[in-house]
Structures are given as C-alpha cells and as structure tokens.
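**Q** In the numbering used here, the protein residues as written are 11 to 170. Below are the structure tokens for one structure; questions will follow.
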C-alpha cells in the first residue's frame, strides 16, 4: 500500500510540473506565469480542486505516443473567487504549447458542463499555440464542442 501511495505522490509531482522545469523557466523568462500560477493568482487561496490531472492524449501519430504528459496541456477544475464558486481552465503552454487536442477539449467541456449544471461562472485563462495539428480533425472537433457549449451557456452562466 505504501508503494502505491508513493507512486501517486510522484505522479502528482510530475503532473504539477507540466512540461518540466525548463519550460516553466522559459515561461518566466518571457514574463509569463504558468497555468497553475495563473489559477493560484486568480482564485481564493487553497480553494482550487483539479479535475482530470492525469489525463493524457490518445494520439499515436507523428511520434506523439512517446510524448505523454499529464494534463494534456490544460489545467481544469473549480475554486472560489471572493467566496463564490467558479469553474476554471487554464491552457498550459509548457505542455505542447498549450495547443488544443481531443482530450484537452474534453477536459474543458467537462468544466463548462459542470459550471452550467451548478449555475456557476466559467473562466478560461488562455495561453495557446492553437490547434494541436498532430491530432488533425480530432483537435478541430474539440474547438467545435467548446464553441457549442459557449452558445448553450450563453445567458445561463457568466463566461469569461
């Protein structure tokens, strides 16, 4: 049991680093915060609860099967702003340039669906290279799913 707990702890530490320390430093060198830093700055202290921290892409083309990184380029979950529940997603530029792929889109649409379900605002903190071209049509379909939810949530919950 202790081995599995330690394995989970190590997995979490790896996930928290996104694309790794070098890419985090690159963000800082450009005067940019990482996705997690932006979320921490935005939300009330110690209120963030993350969804799907260990999800990875399903792509097996262009050498992507050897480039698995936890979170798939987006950090998603909920927390509080001034004591009010807010759902949030932040593109993680340290992982694939924050580019949108199929799993990335699934994580965002889950957050949007939960926000509508409970009547809470949803906030997106974008820092992205655009579509993950290695995934082809699947990434473009992800944009469609996000935009569909934008229209469905319009007038129902605040979206920023």
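Quick reminder that beta carbons are idealized off the backbone N, C-alpha and C, glycines included.
Have a look at 21, 135, 109 and flag the residue whose alpha-carbon is nearest the alpha-carbon of residue 53.
**A** Comparing Cα positions, the closest option is 135.
**Q** Counting C-beta neighbours from all protein chains within 10 Å, is the total for residue 112 16 or more, i.e. buried, or is it exposed?
**A** The residue is buried, with at least 16 neighbouring Cβ atoms inside 10 Å.
**Q** Between the alpha carbons of residue 58 and residue 82, how many angstroms are there, rounded?
**A** So the two alpha carbons sit approximately 18 Å from each other.
**Q** Would you list, in sequence order, the uninterrupted alpha helix (DSSP H) runs of no fewer than 4 residues that lie entirely inside the stretch 84-154?
**A** DSSP runs (the alpha helix (DSSP H)) wholly in the stretch 84-154: 112-128.
**Q** Identify the continuous beta strand (DSSP E) that holds residue 60 and give its terminal residues.
**A** From DSSP, the beta strand (DSSP E) with residue 60 extends over 59-61.
**Q** Would you please state the rounded distance, in angstroms, between the beta carbons of residue 86 and residue 34? I believe it to be under 8 Å.
**A** At roughly 19 Å, the Cβ-Cβ gap does not stay under 8 Å, so residue 86 and residue 34 are not in contact.
**Q** Evaluate the contact criterion for the stretch 88-100 versus the stretch 16-32: three or more CB pairs, one atom per stretch, below 8 Å.
**A** The stretch 88-100, when compared against the stretch 16-32, does not touch it at the 8 Å Cβ threshold.
**Q** State yes or no: is the C-beta of residue 121 within less than 7 Å of the C-beta of residue 166?
**A** No, the pair does not count as a contact, with Cβ atoms beyond the cut-off.
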